[in-house]
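Student: Sharing a structure, written as structure tokens. Questions coming.
There are 2 protein chains.
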Amino acid sequence: MSPAPDVLVVGSVALDSVRTPFGAAEEALGGSASYFALSASHFAPVKILAVVGDDFPAEHRRLFEGRGVDLSGLETAPGRTFRWRGEYTVELGHAHTLETQLNVFSTFHPRLDERHRSSPFVFLANIDPDLQLEVRRQIRSPQLTLSDTMNYWIARKPDRVLEVLREVDVALLNEEEARALAGETQVVRAGERLIEQGAQSVIIKQGEHGALYQSREDRFVTPAFPVEALRDPTGAGDSFAGGFLGWLARSGRRDGQALRQALGVGAVMASLAIEDFSPRRLVEASHEDISSRLKVLHRMVNYELEAAFPPDPS
Amino acid sequence: MSPAPDVLVVGSVALDSVRTPFGAAEEALGGSASYFALSASHFAPVKILAVVGDDFPAEHRRLFEGRGVDLSGLETAPGRTFRWRGEYTVELGHAHTLETQLNVFSTFHPRLDERHRSSPFVFLANIDPDLQLEVRRQIRSPQLTLSDTMNYWIARKPDRVLEVLREVDVALLNEEEARALAGETQVVRAGERLIEQGAQSVIIKQGEHGALYQSREDRFVTPAFPVEALRDPTGAGDSFAGGFLGWLARSGRRDGQALRQALGVGAVMASLAIEDFSPRRLVEASHEDISSRLKVLHRMVNYELEAAFPPDPS
């Protein structure tokens with residue numbers, strides 16, 4: 025089998041300080057591109073487009089390299105790396121940001137080389153939609169593009185966020201973001217509304233309730249993988265994206281069956297990410313860990329429907 | 025094929041006045057036993073154990089009889105029928121009770137005759153857990169018993185609610201109730217905790233997010249059926265219960281496949297209930313309506329998982 029095609033991610037590489045009811049991490053590896061890359065690296069070769077400061081620890085570089093992640097697009101700028109400090113309360117799922125230092129990220133401007141421009145699979149992680157569009161338009165003929173966003177951009181640049189949605193194959197949003205952008209309370213209706221507004225397809229992430237995929241032709245869901253010990257929800261969405269896009273790159277398919285499998289793989293990778301602080305579990309997980317979780321998830325939803333309605337006994 | 029075995033429900037038959045953003049109903053047929061019975065009646069013969077006042081409209085009786093529901097256990101007491109008045113705000117799903125008049129229901133004491141005591145399938149709808157236990161203990165050798173409850177009883181009689189959970193085969197709760205009773209925030213953990221506390225199996229209803237089934241041996245989920253027009257969420261849970269238990273009665277099976285199908289049927293019946301005020305859609309729905317929704321729901325979750333993990337391309 026030939027190697028899976030490359031996956032490119034543009035996003036943040038950061039140092040996160042996180043506190044949850046189950047522990048804390050100080051200046052741990054974080055950022056959307058980091059979680060995505062380490063997740064997708066289980067399935068396909070990954071290239072990162074991002075920027076760090078000259079204080080970025082060498083051990084984090086080695087962590088990426090140990091997973092085969094291509095860092096030639098990881099620019100080192102004079103100054104400090106992007107830092108985020110946050111905490112989660114008992115109702116895990118909602119982060120309270122205590123401090124954001126954009127540092128070198130504030131002037132980040134992705135520079136794509138020839139190999140980046142020919143990437144077949146692309147993830148536009150949560151950055152300014154203007155940058156997402158700029159990168160998207162430089163990619164020559166991608167097979168599949170995936171985007172993410174956040175409430176911050178939906179509140180400030182809703183039109184640009186919608187423009188991104190129209191220019192990618194699959195747009196990832198969480199429940200709250202989908203409701204805000206679509207102006208619809210029910211998640212299913214919000215998904216339909218985004219399609220009407222020009223999105224090709226959307227995945228609405230619903231935390232412990234799983235995720236919904238919606239396109240013009242198809243609609244399906246995956247439950248979340250039931251984790252025994254949720255320790256830190258940071259990076260769940262980007263790890264989901266890494267599993268989803270990485271799996272599609274590796275499988276070489278894009279039919280309904282492959283999309284359903286990819287959604288399940290996304291849920292599995294998200295479950296690994298949240299079981300420990302920083303992307304530690306994503307790095308340590310074996311193919312066997314991933315396979316066995318995918319089988320469990322499959323059993324949670326799959327069944328035979330012999331007769332849609334048994335014969336009327338009366 | 026012989027007729028499906030009887031299903032007995034003990035609960036309320038009420039007159040509901042409901043207002044939602046999409047309309048209003050005045051003194052419409054309501055109550056847990058009503059929704060359950062009309063839902064389950066599509067699959068099996070149903071008997072109601074309940075009480076109404078002497079003001080209960082004859083047209084509602086005819087509605088039940090038109091669906092073959094046995095009303096010999098529907099007592100008529102001197103006085104007024106149980107009335108509930110509520111409204112739902114934009115965030116449908118949470119009802120605000122404006123007025124509850126228990127009326128004849130306040131002294132309701134179920135009287136079971138010989139045929140009731142030999143019912144193979146029993147639903148203990150949301151009533152005082154002491155009454156649920158009293159009824160449960162009079163049923164001789166049921167094949168399957170299902171219970172429901174509400175926050176009101178969990179707050180006042182948690183031990184009795186847990187006693188009911190231990191004495192039935194399947195306990196239905198919504199998300200909020202499961203969290204409150206189990207003392208766990210995450211729904212999956214709440215389900216596990218209730219099993220540890222002695223429940224045989226639980227179904228946790230999650231509104232637009234579907235439902236989770238959890239037993240000692242198995243765990244699976246169904247999404248909600250995506251309705252185009254949610255008009256009135258009243259009765260969703262009882263309609264779900266009617267589809268679930270009615271389907272199991274009709275199928276004569278209780279294996280994992282049948283339970284998964286029954287969960288899907290429950291979701292379909294709930295979706296019909298909430299598309300209009302009062303149980304109108306439950307009455308009007310044809311077998312074809314139910315079948316086609318079940319197929320849609322099945323397509324939303326089902327897929328082939330040929331290889332849990334494709335060969336490593338590296």
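Going down the list, the sequences are from chains Y and S.
Numbered by the numbering used here, the letters in the first sequence go through residues 25 to 338 in order.
Numbered by the numbering used here, the letters in the second sequence go through residues 25 to 338 in order.
Positions of the beta carbon are idealized from the N, C-alpha and C atoms, including for glycine.
Keep in mind it's a predicted model, so treat the numbers as computed, not measured.
1) Quick one: what does DSSP say Asp40(Y) is sitting in, helix, strand or coil?
2) Throw me the rounded Cβ distance for the Phe147(Y) and Trp271(Y) pair, which I believe falls under 8 Å.
3) If you draw a straight line from the C-alpha of Arg217(Y) to the C-alpha of Val194(Y), how long is it?
4) Using the beta-carbon count (16 or more within 10 Å), is Glu83(S) buried or exposed?
5) With DSSP run on the structure shown, which of helix, strand or coil describes Asp154(S)?
6) To be precise: take each residue of the region 228-261 of chain S, compare its Cβ to all Cβ atoms of chain Y, and keep it if any distance is under 7 Å. Which residues remain?
7) Between the region 50-70 of chain S and the region 258-275 of chain S, do at least 3 Cβ pairs fall closer than 8 Å?
8) From the DSSP output, in three-state form, read off His133(S) for me.
9) Might you give, ordered along the chain, the residues of its own chain that have their beta carbon closer than 7 Å to the beta carbon of Val289(S), omitting 5 neighbours on each side?
10) Which residue marks the beginning of the alpha helix (DSSP H) containing Arg85(S), and which one marks its end?
11) Is the CB of Gly267(S) under 9 Å away from at least one CB in chain Y?
12) Please report the distance separating the alpha-carbon of Val34(Y) from that of Pro166(Y).
13) Starting from Arg284(Y), find everything on chain S with Cβ-Cβ shorter than 7 Å and list it in chain order.
14) Give me the Cα-Cα distance between Ala291(S) and Phe249(S), rounded to the nearest whole angstrom.
15) Applying a beta-carbon distance threshold of less than 9 Å, which residues of chain Y neighbour Leu197(S)?
16) Under a three-way DSSP split, which group does Asp279(Y) fall into?
17) I need the straight-line Cα distance from Leu329(Y) to His322(S), nearest angstrom please.
18) Verify the CB distance criterion: does Lys319(S) have a CB-CB separation below 9 Å to chain Y?
19) Residues of chain Y with CB closer than 7 Å to the CB of Gln210(S), please, in chain order.
20) So is Ala52(S) buried or exposed if we call it buried at 16+ other beta carbons inside 10 Å?
21) Hey, Ala40(Y) and Ser295(Y): beta-carbon distance below 9 Å or not?
22) So which of Ala297(Y), Leu170(Y), Leu283(Y), Ile72(Y) has the shortest CA-CA distance to Gly231(Y)?
23) Under a Cβ-count criterion, where at least 16 other Cβ atoms within 10 Å of its own Cβ denotes burial, should Tyr176(S) be classed as buried or exposed?
24) Check the C-beta distance from Lys71(S) over to His140(S) and give it rounded, since I have them as a contact under 8 Å.
25) Residue ranges of each beta strand (DSSP E) run of no fewer than 3 residues wholly in the region 225-295 of chain Y, ordered along the chain?
26) Helix, strand or coil: which one does DSSP assign to Ser316(Y)?
27) May I ask you to list the residues that DSSP assigns as paired with His322(S)?
28) Taking the beta strand (DSSP E) that Arg190(S) belongs to, which residues open and close that run?
29) Which residue marks the beginning of the beta strand (DSSP E) containing Ile72(Y), and which one marks its end?
30) Taking the beta strand (DSSP E) that Glu308(Y) falls in, what are its first and last residues?
31) Can you tell which of Lys181(Y), Asp137(Y), Arg190(Y) has the C-alpha that lies nearest to the C-alpha of Pro154(Y)?
32) Measuring alpha carbon to alpha carbon, tell me which of Ile178(S), Arg109(S), Val128(S), Thr113(S) ends up nearest Thr121(S).
33) In angstroms, rounded to a whole number, what distance separates the CA positions of Asp30(Y) and Ala273(Y)?
34) What residues from chain S crowd round Gln221(Y), counting only those whose CB sits closer than 9 Å?
35) Please go through the same chain and pick out, in chain order, the residues whose beta-carbon is closer than 7 Å to the beta-carbon of Glu50(Y), but skip the five residues on each side of it.
36) Measure the CB-CB distance between Glu201(Y) and Thr173(Y) and report whether it falls below 9 Å.
Tutor: For this structure:
1) strand
2) Contact flag wrong, Cβ pair sits at about 13 Å.
3) 15 Å
4) exposed
5) helix
6) Gln230, Glu232, His233, Arg243, Phe244, Val245, Pro247, Pro250, Leu254
7) yes
8) coil
9) Gly267, Phe268, Trp271, Leu318
10) 82-90
11) no
12) 14 Å
13) Tyr327
14) 6 Å
15) Under the 9 Å cutoff, chain Y gives no residues; its nearest Cβ is about 16 Å from Leu197(S).
16) coil
17) 8 Å
18) yes
19) Glu232, Leu254
20) buried
21) Note that residue 40(Y) is Asp in the sequence shown, not Ala. No; because the gap between Cβ atoms is not below 9 Å, this pair is not in contact.
22) Ala297(Y)
23) exposed
24) 6 Å
25) 225-229, 235-239, 243-246
26) helix
27) According to DSSP, His322(S) bridges with nothing at all.
28) Element bounds for Arg190(S): not the beta strand (DSSP E) but the alpha helix (DSSP H), 182-191.
29) 70-77
30) Taken as a continuous stretch (DSSP letters only), Glu308(Y) belongs to no beta strand (DSSP E), being part of the alpha helix (DSSP H) at 304-308.
31) Going by the sequence as given, residue 154(Y) is Asp instead of Pro. Asp154(Y) has its Cα closest to that of Lys181(Y), out of Lys181(Y), Asp137(Y), Arg190(Y).
32) Arg109(S)
33) 8 Å
34) What Gln221(Y) touches in chain S: nothing, since even the nearest Cβ is about 18 Å away.
35) Ser41
36) yes
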